[in-house]
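Let me begin by presenting the structure, written as structure tokens, before commenting on it.
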Amino acid sequence: MALDDRSADARAYEAIVGLVREGQIGPGERLAALPLAERLGVSRTPVREALKRLAAEGIALLLPGGGARLRDPSIEEIRGAYEVRINLELLAVRRAVAHPDPVALAELDASLGWEAKKTPSLFGGVADFHLLLARSGGNAVLAETLAPLLARTAVYHLLFPAPAEEEASSDVEHGRIVAALKRGDGEEACRLMAAHLRLGLAVLERTRSRRGR
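The working numbering runs 21 ahead of the 1-based position in the sequence shown.
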């Protein structure tokens with residue numbers, strides 16, 4: 022595939038993700054290649070490739086007749102994912118306290134501030150912090166298990182974006198967690214992590230319920 026073709030695919034993907042993030046395309050809506058191509062001012066080929074990528078990332082479902090449909094996860098699914106995630110992340114915090122690693126703590130420190138950069142990557146920034154924390158305790162299986170769950174919950178936040186006034190300040194909360202880890206205060210670090218994740222779930226519950234389903 023030529024470089025220009027790859028760039029067109031990436032641009033189409035980022036444009037569609039932007040439309041979803043801005044609420045111009047909502048959960049459950051059909052994504053047809055031709056109307057999207059006309060809307061974005063590109064050919065259908067990069068749009069089709071973008072739809073395949075959206076499906077691979079769990080954002081959309083490919084339809085047999087062509088095109089795709091944005092996923093519309095239920096509140097029960099969202100709560101179930103967060104229940105598992107909270108338990109895994111508290112295990113990650115406990116391991117990080119039990120097996121302190123100065124290099125890993127420095128990496129966590131350096132990761133603070135990524136969220137504010139607002140890069141086009143859907144799964145960067147916030148997810149990177151949580152993966153670094155999971156790896157810091159030395160259990161590779163824990164990090165490998167958590168990674169797809171982080172991607173899954175990132176999809177939920179993309180599909181159900183919160184109003185600006187309800188956006189959780191993840192970077193500040195991450196900083197407090199790192200400070201507790203540096204002090205070796207496992208109880209406080211666990212409390213902060215649980216509160217951080219429950220706040221994220223509460224925001225999703227509100228935005229999901231506003232859809233009236």
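Here a beta-carbon is modelled for each residue, glycine too, at the ideal position from N, C-alpha and C.
Suppose the cutoff is 7 Å on Cβ atoms and the five residues either side in sequence are ignored; what does the same chain contact list for residue 55 look like?
Around residue 55: 65.
Which residue or residues does DSSP assign as beta-bridge partners of residue 131?
Residue 131 pairs with nothing; no bridge assigned.
Alpha-carbon to alpha-carbon, residue 58 and residue 223:
Cα-Cα distance, rounded: 36 Å.
When burial is assigned at 16 or more other CB atoms within 10 Å of the CB, is residue 137 buried or exposed?
Residue placement at residue 137 is poorly supported in this model, since its pLDDT is 48, which falls under 50; the coordinates still yield a value, given next. It is exposed - the Cβ of residue 137 has fewer than 16 other Cβ atoms within 10 Å.
Using a Cβ-Cβ cutoff of less than 6 Å, which residues in the same chain neighbour residue 211 once the five nearest sequence positions on both sides are dropped?
When the five nearest sequence neighbours on each side are left out, the beta carbons in the same chain lying within less than 6 Å of the beta carbon of residue 211 are those of 111 and 114, in order along the chain.
Contacting residues, own chain, Cβ-Cβ under 8 Å from residue 109 (five flanking each side not counted):
Excluding residues within five positions, the ones whose Cβ falls inside 8 Å are 155, 163, 166, 167 and 170.
Who are the near neighbours of residue 82 in its chain, counting only those whose CB is closer than 7 Å to its CB and skipping five residues on each side?
Scanning its chain for C-beta atoms nearer than 7 Å, with the 5 sequence neighbours on each side dropped, one finds around residue 82 the residues 76, 89, 90 and 92, in chain order.
Please report the distance separating the alpha-carbon of residue 214 from that of residue 37.
Computed Cα separation, rounded: 32 Å.
Could you check what DSSP says for residue 225 in three-state terms: helix, strand or coil?
Secondary structure at residue 225: helix, using DSSP grouped into helix, strand and coil.
Exposure of residue 100, with buried meaning 16 or more beta-carbon neighbours within 10 Å
Classification of residue 100: exposed, given that the 10 Å Cβ count is below 16.
Mind checking which residues open and close the beta strand (DSSP E) that includes residue 81?
Note, residue 81: beta strand (DSSP E), 81 to 83.
Inter-residue spacing [alpha-carbon to alpha-carbon] between residue 78 and residue 232:
Here the alpha carbons of residue 232 and residue 78 stand approximately 23 Å from one another.
Beta-bridge pairing of residue 152 - partner residues as DSSP gives them:
None, per the DSSP bridge assignment.
Could you spell out where the beta strand (DSSP E) holding residue 89 opens and where it closes?
Element bounds for residue 89: 89 to 91.
In chain order, which continuous runs of the alpha helix (DSSP H) of length 4 or greater are located wholly inside the region 50 to 74?
If we require 4 residues or more, the alpha helix (DSSP H) runs fully inside the region 50 to 74 come out as 54 to 61.
Spatial neighbours of residue 178 within its chain, please: CB distance less than 6 Å, with the 5 preceding and 5 following residues excluded, ordered by chain position.
So no residue of the chain qualifies.
Helix, strand or coil: how does DSSP classify residue 78 here?
In the structure shown, residue 78 adopts coil according to DSSP, grouped into three states.
At the level of alpha carbons, what is the spacing between residue 148 and residue 175?
Approximately 8 Å, taken between the alpha carbons.
Through-space distance from residue 204 to residue 85, alpha-carbon basis
Looking at the two C-alpha atoms, the distance is approximately 54 Å.
Within 10 angstroms of its Cβ, does residue 193 collect 16 or more other Cβ (buried), or is it exposed?
Burial call: exposed.
Return the Cβ separation of residue 181 and residue 225 in integer angstroms, given the expectation that the two are a contact with Cβ distance under 8 Å.
The C-beta distance from residue 181 to residue 225 rounds to 6 Å, short enough to fall under 8 Å.
Status (buried if at least 16 other CB within 10 Å, exposed otherwise) for residue 49:
Flag for residue 49 reads exposed.
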